[in-house]
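Engineer: Next up is a structure, given as structure tokens.
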Amino acid sequence: MSDKVVLAYSGGLDTSVAIKWLQEKYNLDVIAVNIDVGNERDFSSVRQKALDVGAIKSLVIDGKELFVTYFIMPALQADALYEGQYPLATALSRPLMAKLLVDTAVAEGAVAVAHGCTGKGNDQVRFDVSINALAPDLKIIAPARKWGMTREETIAYAQKHAIPVPVTASSPYSIDENLWGKSIECGVLEDPWTEPPDDVYTWTRSPDQAPDKPQYVEIGFEKGIPVTVDGRKLDGVALIQMMNELAGQHGVGRIDHIENRVVGIKSREIYEAPAATVLLQAHQALEAMTMSKDQLRFKQKVAVEYADLIFNGLWFSQLNRDLSAYIISSQRYVTGTVRIKLFKGHSTIAGRKSPKSLYTLGLATYDKGDEFDQSAAEGFIHLWGLPVRTQAQLQLLGDKEGPLSIMGPEETEED
Ligand code: ARG
């Protein structure tokens, strides 16, 4: 009897070839595991395909609820966007997959876990670091990082072993999708000067083909988690699916990002993330109403750290727990409703309200009912400006050369 390996199986060419390759090269029996994180493929045919190619067992695990509850919602509460652009769909899914692969390996008595990542990307880092953290004794095999086959050679290997080569193998793009978004790489997209051709996009309508009438949608949040759409209660999976559909129809959620990979490469990434785009925007609008200026400033820093941690594959770390504790605490009063307008590729905040709002009309208004004591402003400004006045008098006034000159740099002859 051979040892067993649990393979993260997508149904694509590389992981299908990996089933045969793991048998040939390492004499391992392959248990294929396909994890459903909302990528809407035909899971029963993917399951069967693994068996046809030679897996001894093929499992499909529905990870959608776990993904939403433990990965997407915390990232949304944190306002996590990598480099200010990428909502981290793929990056968030990898630690969940690692956990489910490890659990399967333990249950099946496997000695190793395998995944289809190449040696150039971020996903190998996320898988390997996570699997190692959870199960230091499991071996990790990444066939595509080892075998050194070109695309053509992989196809030839598949044909030699009667592995069906899908027509989509001719698709010029490398795609990954789940509930929180879709990523598209390769082909013409590798030229950062080239605008993505329309066939890249499958989740979002082109903004110029989007409906001519704007659509309004109201998203209700409880403690930073979206729970209703237009007053109707929805579970997280359904809510995100609905927002992907709705915002996608209006061409919202296209992202073009020159991204810094963990392994040092800059890459050009196209994303479609309609639900993530709208929900992050609505969430931030509600935070602006319900959190103080200082809280908002500090939370932005945490958001950057949290996004980096997710991107860099460090999910299973104490830093994650530390930051999560802060993020959850920060969401205590982030409850209320945000009204969003979807129109021709744009989503804009049309309104927001909260029972815990810090916005106070009596303080803000220029109309009748003003409660703000304007006479207090003078004394406040006198003290507020004290250090600036002091410094101006003692150092800056009359100093025409130094870089701190309040008059700006001296004009040179040539000017
Ligand atoms: N650049 C994105 C990330 O690192 C997307 C990766 C997509 N992965 C893939 N195997 N196609 O999260």
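Our numbering numbers the first residue of the sequence shown as 905 and each following residue consecutively.
Note that beta-carbon positions come from the ideal geometry of N, C-alpha and C, so glycine has one too.
All values derive from a computational prediction rather than experimental measurement.
Can we say the segment 1240-1250 touches the segment 1124-1135, given the rule of at least three CB pairs closer than 8 Å?
Structural biologist: In short, these stretches touch, since the Cβ pair count reaches three.
Engineer: Inspect the beta-carbon positions of Val-937 and Val-957 and report whether they are closer than 9 Å.
Structural biologist: In this structure, Val-957 does not lie closer than 9 Å to Val-937 by Cβ.
Engineer: Tell me whether the beta-carbon of Trp-1219 lies closer than 9 Å to the beta-carbon of Arg-1049.
Structural biologist: Their beta carbons are not under 9 Å apart, which means Trp-1219 does not touch Arg-1049 by this criterion.
Engineer: Enumerate, from N- to C-terminal direction, the unbroken beta strand (DSSP E) stretches of 3 or more residues contained entirely within the segment 1108-1148.
Structural biologist: Counting whole runs of 3 or more residues, the segment 1108-1148 contains the beta strand (DSSP E) stretches 1119-1126 and 1129-1133.
Engineer: For the ligand ARG, any of its heavy atoms closer than 8 Å to the Cβ of Glu-1094?
Structural biologist: Checking the Cβ of Glu-1094 against the ligand ARG gives no.
Engineer: Let me check understanding here. Comparing Cα to Cα, which of Gly-1283, Val-1292, Gln-1299 and Ser-1087 lies closest to Leu-996?
Structural biologist: Considering only alpha carbons, the answer is Ser-1087.
Engineer: Do Glu-1173 and the ligand ARG come close, with the Cβ less than 8 Å from some heavy atom?
Structural biologist: Correct: Glu-1173 has its Cβ closer than 8 Å to the ligand ARG.
Engineer: Leaving aside the five residues before and after Thr-1252 along the sequence, list all residues of the same chain whose C-beta is less than 8 Å from its C-beta, in chain order.
Structural biologist: Ile-1244 and Lys-1245, listed in sequence order.
Engineer: Just to confirm, is the Cβ distance from Pro-991 to Trp-1084 under 9 Å?
Structural biologist: Cβ distance < 9 Å, so Pro-991 and Trp-1084 count as in contact.
Engineer: If we ignore side chains and look at the alpha-carbon of each, how far apart do Asp-1095 and Glu-987 end up?
Structural biologist: Spanning the two alpha carbons is a distance of roughly 20 Å.
Engineer: Can you tell me whether DSSP reads Arg-945 as helix, strand or coil?
Structural biologist: Arg-945 falls in the coil class under three-state DSSP.
Engineer: Measure the C-alpha to C-alpha separation of Lys-1260 and Met-1193 and round it to an integer number of angstroms.
Structural biologist: Spanning the two alpha carbons is a distance of roughly 8 Å.
Engineer: Nearest-angstrom Cα distance between Val-1182 and Leu-1138?
Structural biologist: So the two alpha carbons sit approximately 16 Å from each other.
Engineer: Please determine if the segment 1136-1156 and the segment 1108-1118 are in contact, where contact requires at least 3 C-beta pairs separated by less than 8 Å.
Structural biologist: Counting Cβ pairs under 8 Å, three or more are found: they touch.
Engineer: Measuring alpha carbon to alpha carbon, tell me which residue in Val-1006, Leu-1200 and Ile-1059 is nearest Ser-1034.
Structural biologist: Among Val-1006, Leu-1200 and Ile-1059, the Cα nearest to that of Ser-1034 belongs to Val-1006.
Engineer: Using the C-alpha atoms, what's the distance from Asn-1224 back to Glu-1149?
Structural biologist: Cα to Cα, the separation comes out at about 31 Å.
Engineer: Measure the C-alpha to C-alpha separation of Asp-1319 and Lys-1304 and round it to an integer number of angstroms.
Structural biologist: Because the pLDDT at Asp-1319 is just 47, under 50, the model does not fix this residue reliably, and the value given afterwards should be weighed accordingly. Their backbone Cα atoms lie some 17 Å apart in a straight line.
Engineer: Leaving aside the five residues before and after Asn-1026 along the sequence, list all residues of the same chain whose C-beta is less than 6 Å from its C-beta, in chain order.
Structural biologist: So the qualifying residues of the chain are Arg-1165 and Val-1166.
Engineer: Are there 16 or more other CB atoms within 10 angstroms of the CB of Phe-971, so buried, or fewer, so exposed?
Structural biologist: Label assigned to Phe-971: buried.
Engineer: Note down, in chain order, each residue of its chain lying with its Cβ closer than 8 Å to the Cβ of Leu-1000, except the 5 sequence neighbours on either side.
Structural biologist: Closer than 8 Å at Cβ, skipping near neighbours: Ile-939, Val-941, Gly-967, Leu-970, Phe-971, Tyr-974 and Phe-975.
Engineer: Starting from the C-beta of Lys-1197, find all residues in its chain whose C-beta is less than 6 Å away, skip the five residues before and the five after it, and write them out in chain order.
Structural biologist: Taken in chain order, the list of residues that qualify is empty.
Engineer: Since Ser-1171 sits in a beta bridge, which residues does DSSP pair it with?
Structural biologist: For Ser-1171, which the question treats as bridged, DSSP gives the partners Glu-1163.
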